[in-house]
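J.:
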DNA sequence: TGCAATTGGGATTAATAGGTCTTAATTACT
DNA sequence: AGTAATTAAGACCTATTAATCCCAATTGCA
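Residue numbers (this note's numbering), protein chains in the order written: chain A, 59 to 225; chain B, 59 to 225.
(1) Relative to the C-alpha of residue 205 of chain B, which residue among B:81, B:168, B:220, B:62 is closest?
(2) Within the present structure, is the beta-carbon of residue 62 of chain B separated from the nearest heavy atom of the ligand SAM by less than 7 Å?
(3) In chain order, what residues of the same chain lie with their CB nearer than 8 Å to the CB of residue 88 of chain A, ignoring the 5 residues before and after it?
(4) Taking one C-beta from the region 145 to 163 of chain B and one from the region 145 to 154 of chain A each time, how about it: are there three or more such pairs within less than 8 Å?
(5) Measure the alpha-carbon distance for residue 140 of chain A versus residue 76 of chain B and round it to whole angstroms.
(6) Contact defined as beta carbons within less than 8 Å: I believe residue 186 of chain A pairs with residue 134 of chain A. What is the distance between those atoms, to the nearest angstrom?
(7) Listed in chain order, which residues of the region 161 to 172 of chain B have Cβ atoms closer than 7 Å to some Cβ of chain A?
(8) Distance cutoff 8 Å, beta carbons only. Does residue 207 of chain B sit that close to anything in chain A?
(9) Return the CA-CA distance between residue 192 of chain A and residue 95 of chain A, expressed in angstroms with no decimal places.
(10) Taking all protein chains shown into account, decide if residue 208 of chain A is buried (16 or more other Cβ within 10 angstroms of its Cβ) or exposed.
(11) Below 8 Å on the Cβ atoms is my contact criterion, and I expect residue 224 of chain A with residue 225 of chain B to pass it. Report the Cβ-Cβ distance as a whole number of Å.
(12) For a quick check, are the C-beta atoms of residue 142 of chain B and residue 114 of chain B less than 8 Å apart?
(13) Is residue 198 of chain B helix, strand or coil when you go by DSSP?
(14) Is the shortest distance between the beta-carbon of residue 64 of chain B and the beta-carbons of chain A less than 8 Å?
(15) Could you tell me which uninterrupted alpha helix (DSSP H) segments, each at least 4 residues in length, are contained entirely in the region 128 to 171 of chain A, listed from first to last along the chain?
(16) My understanding is that residue 136 of chain B touches residue 181 of chain B, with C-beta atoms under 8 Å, so please give their C-beta distance in whole angstroms.
(17) Quick one: what's got a C-beta closer than 7 Å to residue 70 of chain A's C-beta in the same chain, skipping five residues either side?
(18) I'd like to confirm the pairing. Which residues does DSSP put opposite residue 125 of chain A in its beta bridges?
(19) By DSSP, does residue 193 of chain A sit in helix, in strand, or in coil?
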């Protein structure tokens with residue numbers, strides 16, 4: 059079972075990170091994204107449509123079409139994506155499944171869960187796609203450097219490090 | 059979609075709390091538990107069997123049978139139940155779904171998620187069923203007191219506060 | 001204008017989780 | 001021993017999510 063986010067939502071977050079790493083913001087083909095992240099093409103297609111409808115992506119049809127972030131990565135938060143795909147159940151549901159649990163009627167772990175949720179909310183609200191993608195750049199550069207030192211890159215010219223191989 | 063725990067696991071946690079509130083530790087009928095918590099009888103049946111196989115419950119067949127906690131509530135942690143029903147995916151899976159993500163190969167939110175997970179682990183490891191059930195007793199007593207003050211209890215003698223109505 | 005390259009969107013299928021039903025096995029009591 | 005009460009276990013059904021497929025709509029370019 060997925061955890062915290064639905065599978066579609068995980069895909070959406072991965073794809074958004076992928077787009078954020080493209081500095082020039084020109085549209086990218088769905089095919090390229092799905093191939094790079096090993097996400098089934100048609101599944102990602104629907105998820106991207108969904109993100110586009112929610113105003114997070116722009117999509118262009120036809121030749122030279124593709125998907126791009128609608129805003130600068132620094133202006134997109136993970137919570138924007140989670141909200142668009144999974145709604146707000148994550149933020150409102152009782153972790154033990156008690157239907158009437160809430161701030162004014164806490165279940166026995168409500169306060170502990172609220173603390174944990176604060177931590178999750180911090181992750182979703184206080185990091186934008188730009189920061190996260192820079193984090194990735196740093197990491198990938200580091201790996202590339204190490205690779206050159208340790209491997210015979212001449213004989214493995216196609217060994218490329220990208221978002222998927224890196225995590 | 060359930061969140062963090064599977065539905066069965068939520069049921070298991072609720073049922074365990076229910077049993078923990080029974081001080082005398084005599085077996086309780088499945089029917090009573092499922093009715094009280096509004097959990098489908100046969101669904102809960104399987105989950106309880108599962109907990110029994112994992113050594114967390116004892117089950118007695120036949121007349122005067124039923125389920126009881128196998129240890130004192132103070133010696134059962136939420137994580138015991140979660141592990142028995144949902145396994146350890148919650149503790150090992152990458153929150154963004156990256157297959158190779160881990161401590162030595164973090165995805166861009168790995169550290170943030172680790173922090174949030176610590177909070178969750180605290181909730182699951184550091185509170186035993188006894189504490190949680192006492193927490194509930196306090197709350198239910200308080201509600202009962204208020205109820206007596208505010209409602210005409212003579213005309214509503216069956217208005218009972220229990221685990222389910224309380225959360 | 002016609003063609004090729006794309007996304008859009010609906011229909012269908014597959015997989016998984018959740019729920020129902022039936023019967024067997026076990027136990028306690030008379 | 002017989003009977004009623006209860007859990008055990010498996011078969012089966014249903015709902016939701018995930019994945020696949022097909023064709024329509026749009027766009028850019030020759």
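Ideal Cβ placement from N, Cα and C applies to all residues, glycine included.
T.: According to the data block:
(1) B:220
(2) In terms of ligand content, the structure shown is empty, and the ligand SAM therefore cannot be addressed.
(3) 99, 102, 103, 106, 124, 125
(4) no
(5) 34 Å
(6) 6 Å
(7) 163, 165, 166, 167, 170, 171
(8) no
(9) 18 Å
(10) exposed
(11) Not quite, the Cβ-Cβ distance comes to about 42 Å (not below 8 Å), so this is no contact.
(12) yes
(13) helix
(14) yes
(15) 136 to 144, 147 to 150
(16) 7 Å
(17) 105, 109, 139, 143
(18) A:86, A:117
(19) helix
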